[in-house]
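**Student:** Let me give you the structure first, and then I'll get to my questions.
2 protein chains.
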Amino acid sequence: MINGSILIGAGERRGQTSYEAVEAATGATLDPGFWDADPGHVDEACALAAAALPVFSTLAPEVRAAFMEDVAARILDIGDALITRAMAETGLPRARLEGERGRTVGQLRLFAATVRRGDWLDVTIDPAQPDRQPLPRPDLRRMNQPVGPVAVFGASNFPLAFSVAGGDTASALAAGCPVVVKGHRAHPGTGELVARAIQAAVSAAGLPEGVFSYLPGTRRVLGEALVADPRIKAVGFTGSRTGGLALAAIANGRPEPIPVYAEMSSINPVLLLPAALADRGRDLAAAFVQSLTMGAGQFCTNPGLVLAVEGQGAEDFIAAAASHLSAVAAQVMLTPGICSSYCEGMETLSGRPGVQRVATGQAAAGTTQGRAALFRTDATHFLADPVMGHEVFGASSLVIVCRDGTELRQVLLALEGQLTATIHMDEADRSVAAELLPLLAVKAGRVLANGWPTGVEVCHAMVHGGPFPATSDVRSTSVGTLAMARFLRPVCYQNLPDALLPPALQAANPWQLNRRIDGVLTLAGA
Amino acid sequence: MINGSILIGAGERRGQTSYEAVEAATGATLDPGFWDADPGHVDEACALAAAALPVFSTLAPEVRAAFMEDVAARILDIGDALITRAMAETGLPRARLEGERGRTVGQLRLFAATVRRGDWLDVTIDPAQPDRQPLPRPDLRRMNQPVGPVAVFGASNFPLAFSVAGGDTASALAAGCPVVVKGHRAHPGTGELVARAIQAAVSAAGLPEGVFSYLPGTRRVLGEALVADPRIKAVGFTGSRTGGLALAAIANGRPEPIPVYAEMSSINPVLLLPAALADRGRDLAAAFVQSLTMGAGQFCTNPGLVLAVEGQGAEDFIAAAASHLSAVAAQVMLTPGICSSYCEGMETLSGRPGVQRVATGQAAAGTTQGRAALFRTDATHFLADPVMGHEVFGASSLVIVCRDGTELRQVLLALEGQLTATIHMDEADRSVAAELLPLLAVKAGRVLANGWPTGVEVCHAMVHGGPFPATSDVRSTSVGTLAMARFLRPVCYQNLPDALLPPALQAANPWQLNRRIDGVLTLAGA
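Quick note, the sequences are listed as chains U and L, same order. Mind the numbering: the first sequence is residues 11 to 536 in the working numbering, read in order. Mind the numbering: the second sequence is residues 11 to 536 in the working numbering, read in order.
This is the structure:
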């Protein structure tokens with residue numbers, strides 16, 4: 011059911027103003043109308059979240075894991091209505107959205123399994139040394155605890171996997187934090203369907219209703235009030251650099267500043283080393299265009315920058331990529347606003363000194379579709395013009411043809427922080443690659459060889475993060491189980507009676523956790 | 011040798027202006043004069059630090075551990091000259107400084123052992139699944155890497171353990187980050203002696219000279235330039251709330267914002283539960299006064315707030331504490347500035363409505379000594395007056411006599427974030443304690459039972475951190491081996507040829523690390 015409500019705890023509310031959902035492909039209005047949440051709703055949701063914290067933060071792993079699995083099951087139970095609504099609101103094709111639903115559900119289940127395993131508690135015990143000289147050592151036991159209620163700002167480009175029940179929500183719930191989601195206006199019906207699934211799971215599990223609230227809306231004051239609320243202790247955000255920095259400024263200006271984990275901006279450099287280019291430049295070109303144009307290029311890991319040293323290999327690559335890209339059909343973009351920003355970004359890039367447009371995709375039918383585009387420039391012009399390093403969100407990429415390896419290295423050094431950095435190499439490129447890789451690891455959260463950055467695996471080893479402006483916190487990832495760490499804080503207990511310790515720290519190890527004893531990792535079974 | 015130099019890499023420099031060290035007990039000038047480092051020195055030190063990063067960040071654990079142990083040995087080798095200089099500059103007694111030296115050296119050795127063990131790398135491997143449907147999984151390997159050069163602002167109150175080679179420096183070096191220390195003006199000779207020991211250890215190990223630089227000085231622009239330098243990637247700070255917030259504002263305003271780990275302000279509430287108070291109120295009073303007045307109360311974990319429910323037990327405790335405290339001699343404080351701030355803080359507290367001074371320590375001889383002080387108030391006045399919750403750095407504490415447990419809980423809820431929270435309890439207090447403990451764990455980084463917060467153990471389980479304003483980052487600790495985590499960031503490698511992976515991630519596990527494989531912790535031997 012979609013009725014445009016604001017969902018606060020177990021209840022639903024109406025707002026003072028309303029707005030409409032838009033069909034991405036046509037710009038037409040979709041039923042029903044949606045209420046705008048306002049600061050009064052923020053206050054109510056945050057009060058409930060704070061009230062839910064003591065119970066939700068101390069659940070046994072098994073209970074929290076089962077709740078998360080039930081959320082996953084209820085999302086699947088929505089059935090095809092979720093897919094068709096998301097298709098209408100986002101313009102994304104069925105196969106992509108079905109895949110994304112699978113990813114969303116799989117993500118919740120992976121976090122549930124991780125919660126059960128318990129390593130995220132990082133239990134660390136330094137037993138008392140009563141006879142130590144000159145002073146005895148007290149008994150000290152440390153574990154991670156949730157930071158408190160978390161505000162989540164969903165992304166437009168993953169209406170399921172990075173929205174209401176997406177990676178930020180899943181990782182915050184896994185960590186034991188109640189969540190207040192600010193719903194994205196680009197897919198309000200999709201958002202409401204998912205929010206109702208979470209709301210029902212909270213109720214079915216008998217958890218305090220404040221574990222989850224959903225505040226959809228279009229007004230800036232909504233997000234501002236949410237980040238400013240003193241009961242909110244951390245923020246997860248995926249979106250633009252401007253948006254992320256605005257939230258960070260609010261968070262830093264609070265009487266109690268809080269962390270904002272904003273995943274913002276990345277152009278994901280791809281290095282084509284000479285031997286790889288010579289051996290298989292045309293294959294690389296085909297795969298590059300596929301990675302670039304998939305989903306209308308609306309991925310944060312889209313390969314927006316390609317680096318190669320000048321020569322026949324680079325020219326062949328560019329020619330082949332141009333040929334492939336020219337044949338790519340224009341694609342519906344997520345919102346008219348994203349589509350017009352993309353066109354503006356392309357025009358800006360097109361007009362920079364030293365930039366040539368080498369190919370454009372098939373013409374767009376109407377103002378909701380984006381055409382792919384490929385540009386080239388040289389290192390001198392790129393290094394002189396920071397605008398060329400800005401993200402153009404969509405299927406646009408810039409090839410920088412460098413005079414030599416030294417110039418290529420200069421370009422790399424000049425780049426801002428990135429989510430990913432990719433190197434294509436053959437055996438003969440190995441010594442060059444060995445020199446470049448440490449530099450890539452300084453610039454990006456994920457370093458790939460002989461692949462493409464799109465397609466972010468949800469697993470334990472993933473880092474979907476990186477130095478600013480890729481994210482606002484280089485220590486964090488927003489994809490993969492390490493994302494939980496954003497919402498945890500260590501607490502140390504000194505000389506507490508065993509029965510008063512949280513179960514994770516008790517001598518009998520009732521949760522059967524792996525623990526670090528006097529600095530030595532000790533497996534639960536051992 | 012102390013000659014007042016600025017130490018940059020392997021070299022020494024003079025400045026444009028100079029200042030003098032002051033004998034804490036007398037206010038007299040100590041030889042020699044000291045040069046003020048300036049922004050030009052910052053530039054030079056940061057350039058060297060950035061140049062040192064590629065080598066220092068990739069050292070084998072054994073090499074970095076041995077270097078840190080050599081730093082410890084060289085600090086001991088300075089001999090008694092270090093203790094006598096620190097005594098003169100800080101007014102702290104010999105036994106305290108000898109103990110602090112032991113702690114400093116032990117801390118370096120503990121970090122060295124932790125570096126060797128390698129768990130801080132958090133190696134996490136999700137092996138490829140080439141046959142997975144619908145898409146194969148690539149090989150994904152994650153490990154922690156240093157964030158880059160770190161700026162350290164030492165504290166005045168631990169001239170050894172939290173200054174030039176203190177916890178921040180030790181944890182940053184352990185993480186593989188070059189360090190630029192901004193020397194504290196309160197102990198410039200002590201600082202230079204220690205800085206020379208580190209400089210010599212860098213040279214003896216054949217490491218790049220930029221691994222360590224020492225920039226002493228008195229001008230605000232020095233610290234500002236250091237935090238603003240684009241090559242600095244994180245900041246460790248221990249000091250005042252004003253100072254910490256000023257550095258955080260600079261860090262947040264950079265084109266690339268960076269984390270500031272500031273340990274700032276805490277009044278460390280101590281709860282005296284009724285049965286404990288009735289059973290041993292007088293003993294508690296004696297121990298409390300000892301904890302409060304040790305080192306002239308100049309500890310961040312000083313018990314500045316005591317909470318009790320009204321009754322004979324509370325009155326007996328206050329009377330006994332007053333009696334003990336009245337006998338405590340005035341003590342030399344670290345600097346004339348700290349002494350006058352302490353006196354002002356006491357006077358301010360004294361003048362708040364509803365506050366009574368119940369005892370004052372022995373009179374001070376001169377303006378460099380601080381007298382202990384004990385105040386009392388009730389919950390109503392405390393809750394109405396946020397000023398009473400501010401830290402008074404020195405041997406001053408405020409007892410809040412609450413009408414009942416409900417009021418005591420209200421006071422707790424109203425407190426800002428704390429480094430520590432302590433509960434004194436007997437068997438009969440257990441149910442009350444069980445209700446209060448979760449609240450204490452929300453408010454503080456360390457929760458103690460039946461002890462005193464001063465005396466911070468350097469170990470694996472320690473958390474010397476807490477919610478704002480105790481620190482600027484609730485996820486962090488500045489004491490104990492977890493302090494390394496502040497200076498590490500995760501990096502994921504996807505499908506890299508094994509030989510090009512960092513050793514920690516290679517298939518053969520050449521560093522014999524514990525690793526997480528497909529989510530399962532696997533010990534090195536297994």
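Positions of the beta carbon are idealized from the N, C-alpha and C atoms, including for glycine.
Consider the Cβ of Asp528(U): report whether some Cβ of chain L lies at a distance smaller than 9 Å.
**Tutor:** Here residue 528(U) corresponds to residue number 518 of the first sequence, with the count starting at 1. It does: the Cβ of Asp528(U) has a partner Cβ on chain L nearer than 9 Å.
**Student:** Examine the Cβ distances between the stretch 196-204 of chain U and the stretch 168-186 of chain U and report whether three or more of them are shorter than 8 Å.
**Tutor:** Segments in contact, yes.
**Student:** Give a yes or no on whether the C-beta atoms belonging to Ala514(U) and Gly186(U) are separated by under 9 Å.
**Tutor:** Here residue 514(U) corresponds to residue number 504 of the first sequence, with the count starting at 1. Here residue 186(U) corresponds to residue number 176 of the first sequence, with the count starting at 1. No; because the gap between Cβ atoms is not below 9 Å, this pair is not in contact.
**Student:** Per DSSP, Arg152(L) forms a beta bridge with which residues?
**Tutor:** Against the second sequence, residue 152(L) aligns to sequence position 142. Paired residue(s): Thr134(L), Cys502(L).
**Student:** So Ala486(L) packs on Thr345(L), CB below 8 Å; how close in whole Å?
**Tutor:** Within the second sequence, the letter at position 476 stands for residue 486(L). Within the second sequence, the letter at position 335 stands for residue 345(L). Position check: residue 486(L) holds Ser in this sequence, whereas Ala was assumed. About 27 Å; that fails the 8 Å criterion.
**Student:** Need the endpoints of the alpha helix (DSSP H) that Gly254(U) sits in, please.
**Tutor:** Here residue 254(U) corresponds to residue number 244 of the first sequence, with the count starting at 1. 251-263 is the span of the alpha helix (DSSP H), which, as asked, contains Gly254(U).
**Student:** Which residue's Cα is closest to the Cα of Val280(L): Ser250(L), Leu131(L), Ala318(L)?
**Tutor:** For the purposes of this step, residue 280(L) is taken as residue 270 along the second sequence, with counting starting at 1. Comparing Cα positions, the closest option is Ala318(L).
**Student:** Tell me which residue opens and which closes the alpha helix (DSSP H) that Asp80(L) is part of.
**Tutor:** Numbered from 1 along the second sequence, position 70 holds the residue referred to as residue 80(L). First-last of the alpha helix (DSSP H) with Asp80(L): 71-87.
**Student:** Please report the distance separating the alpha-carbon of Gly314(L) from that of Arg499(L).
**Tutor:** Position 304 of the second sequence, counted from the start, is the residue given in the question as residue 314(L). Position 489 of the second sequence, counted from the start, is the residue given in the question as residue 499(L). Roughly 36 Å between the two C-alpha positions.
**Student:** How close, in whole Å, do the beta carbons of Glu219(L) and Ala20(L) come, if the pair is a contact with beta carbons under 8 Å?
**Tutor:** One-based indexing of the second sequence puts residue 219(L) at position 209. One-based indexing of the second sequence puts residue 20(L) at position 10. Correct: roughly 4 Å between the Cβ atoms.
**Student:** Taking the alpha-carbon positions, what's the Met398(U) to Val316(U) distance?
**Tutor:** Against the first sequence, residue 398(U) aligns to sequence position 388. Against the first sequence, residue 316(U) aligns to sequence position 306. In a straight line, the C-alpha of Met398(U) is about 12 Å away from that of Val316(U).
**Student:** Run down chain U in chain order and give the residues with a C-beta less than 8 Å from the C-beta of Ser482(L).
**Tutor:** Indexing the second sequence from 1 puts residue 482(L) at position 472. Neighbours of Ser482(L) on chain U, chain order: Pro267.
**Student:** Could you check whether the Cβ of Asp136(U) sits closer than 9 Å to any Cβ belonging to chain L?
**Tutor:** Residue 136(U) sits at position 126 when you count from the first residue of the first sequence. Closer than 9 Å to some Cβ of chain L, the Cβ of Asp136(U) qualifies, so yes.
**Student:** Applying a beta-carbon distance threshold of less than 9 Å, which residues of chain L neighbour Tyr503(U)?
**Tutor:** What you label residue 503(U) is simply residue 493 of the first sequence in a count that begins at 1. Residues of chain L passing the Cβ test: Leu447, Ala451, Arg456, Val457, Leu458, Ala459, Ala471.
**Student:** Taking a Cβ distance cut-off of 8 Å, strictly less, list which residues of the stretch 148-165 of chain L are near chain U, in chain order.
**Tutor:** Those would be Pro148, Leu150, Arg151, Arg152, Gln155, Val157, Gly158, in chain order.
**Student:** By Cβ distance below 8 Å, which residues in the same chain neighbour Arg206(L) in space, the five residues on each side in sequence not counted?
**Tutor:** For the purposes of this step, residue 206(L) is identified with residue 196 of the second sequence, where counting begins at 1. Answer for Arg206(L): Met11, Leu17, listed in chain order.
**Student:** Can you list, in chain order, the residues of its chain with a C-beta nearer than 6 Å to that of Ala61(L)? Leave out the 5 residues immediately preceding and following it.
**Tutor:** Numbered from its first residue, the second sequence carries residue 61(L) at position 51. The answer, listed in chain order, is Gly220.
**Student:** Just to confirm, is the Cβ distance from Pro479(U) to Gly404(U) under 9 Å?
**Tutor:** Translated into positions along the first sequence, residue 479(U) becomes position 469. Translated into positions along the first sequence, residue 404(U) becomes position 394. Not in contact: Pro479(U) and Gly404(U) (Cβ atoms no closer than 9 Å).
**Student:** Counting only the same chain and skipping the five closest in sequence on each side, list residues whose C-beta sits under 6 Å from that of Phe247(U).
**Tutor:** Here residue 247(U) corresponds to residue number 237 of the first sequence, with the count starting at 1. The residues are Phe163, Gly254, Leu257, Ala272.
**Student:** So Thr532(L) and Thr124(L) are supposed to be a Cβ contact under 8 Å. How far apart are they, rounded?
**Tutor:** Numbered from 1 along the second sequence, position 522 holds the residue referred to as residue 532(L). Numbered from 1 along the second sequence, position 114 holds the residue referred to as residue 124(L). That pair is no contact at about 19 Å.
**Student:** Going by alpha carbons, who is nearest to Asp293(U) out of Ser360(U), Ala324(U), Ala175(U)?
**Tutor:** Indexing the first sequence from 1 puts residue 293(U) at position 283. Residue Ala324(U) is the option with its Cα nearest to Asp293(U).
**Student:** Need the endpoints of the beta strand (DSSP E) that Lys192(U) sits in, please.
**Tutor:** For the purposes of this step, residue 192(U) is identified with residue 182 of the first sequence, where counting begins at 1. Per DSSP, Lys192(U) belongs to the beta strand (DSSP E) from 189-193.
**Student:** Please list, in chain order, the chain U residues whose beta carbon lies closer than 7 Å to that of Ala443(L).
**Tutor:** Here residue 443(L) is taken as the residue at index 433 of the second sequence, counted from 1. Residues of chain U passing the Cβ test: Leu510.
**Student:** Is the Cβ of Arg485(L) closer than 9 Å to any Cβ of chain U?
**Tutor:** Taking the second sequence and counting its residues from 1, the one referred to as residue 485(L) is at position 475. Closer than 9 Å: yes.
**Student:** For a contact meaning CB atoms closer than 8 Å, what does Leu533(L) contact in chain U?
**Tutor:** Numbered from its first residue, the second sequence carries residue 533(L) at position 523. The answer, in chain order, is Leu531, Leu533.
**Student:** Can you give me the Cβ contacts of Gly355(U) inside the same chain, cut-off strictly under 6 Å, excluding the 5 residues immediately before and after it?
**Tutor:** To locate residue 355(U), count along the first sequence from 1; it is residue 345. Taken in chain order, the residues that qualify are Val402.
**Student:** Helix, strand or coil for Ile277(L) per DSSP?
**Tutor:** Reading the second sequence from its first residue, position 267 is the one you call residue 277(L). Coil at Ile277(L), not helix or strand.
**Student:** Give, in chain order, every residue of the stretch 117-129 of chain L whose Cβ lies closer than 9 Å to some Cβ of chain U.
**Tutor:** Cβ contacts with chain U: Leu120, Ala123, Thr124, Arg127, Asp129.
**Student:** Compare the beta carbon distance of Lys453(L) and Leu408(L) with 9 Å and say whether it is the shorter of the two.
**Tutor:** In the second sequence, residue 453(L) corresponds to position 443, counting from 1. In the second sequence, residue 408(L) corresponds to position 398, counting from 1. Contact: no.
**Student:** If the cut is a Cβ gap below 7 Å, which residues of chain L does Phe478(U) touch?
**Tutor:** Position 468 of the first sequence, counted from the first residue, corresponds to residue 478(U). Glu266, Pro267, listed in chain order.
**Student:** Kindly give me the distance between the Cβ atoms of Asp537(L) and Ala495(L), rounded to whole angstroms, as I take these residues to be in contact under 8 Å.
**Tutor:** Any answer about residue 537(L) is impossible in this case: the structure gives chain L only from 11 up to 536.
**Student:** Could you give the DSSP three-state label for Ala459(L): helix, strand or coil?
**Tutor:** One-based indexing of the second sequence puts residue 459(L) at position 449. Three-state DSSP puts Ala459(L) in a strand.
**Student:** Hey, could you find the ends of the alpha helix (DSSP H) Ala205(U) is sitting in?
**Tutor:** On the first sequence, position 195 is the one that residue 205(U) refers to. Looking at the DSSP string, the run of the alpha helix (DSSP H) that includes Ala205(U) is 198-214.
**Student:** Beta carbons nearer than 7 Å to chain U: which residues of the stretch 229-244 of chain L have them?
**Tutor:** Within the stretch 229-244 of chain L, no residue qualifies.
**Student:** If you run the structure through DSSP and keep just helix, strand and coil, what is Phe66(L)?
**Tutor:** Translated into positions along the second sequence, residue 66(L) becomes position 56. Three-state DSSP puts Phe66(L) in a helix.
**Student:** Just mark Gly25(L) as buried or exposed, buried being the case when its beta carbon has 16 or more other beta carbons within 10 Å.
**Tutor:** In the second sequence, residue 25(L) corresponds to position 15, counting from 1. Looking at its Cβ environment, which holds 16 or more other Cβ atoms inside 10 Å, Gly25(L) is buried.
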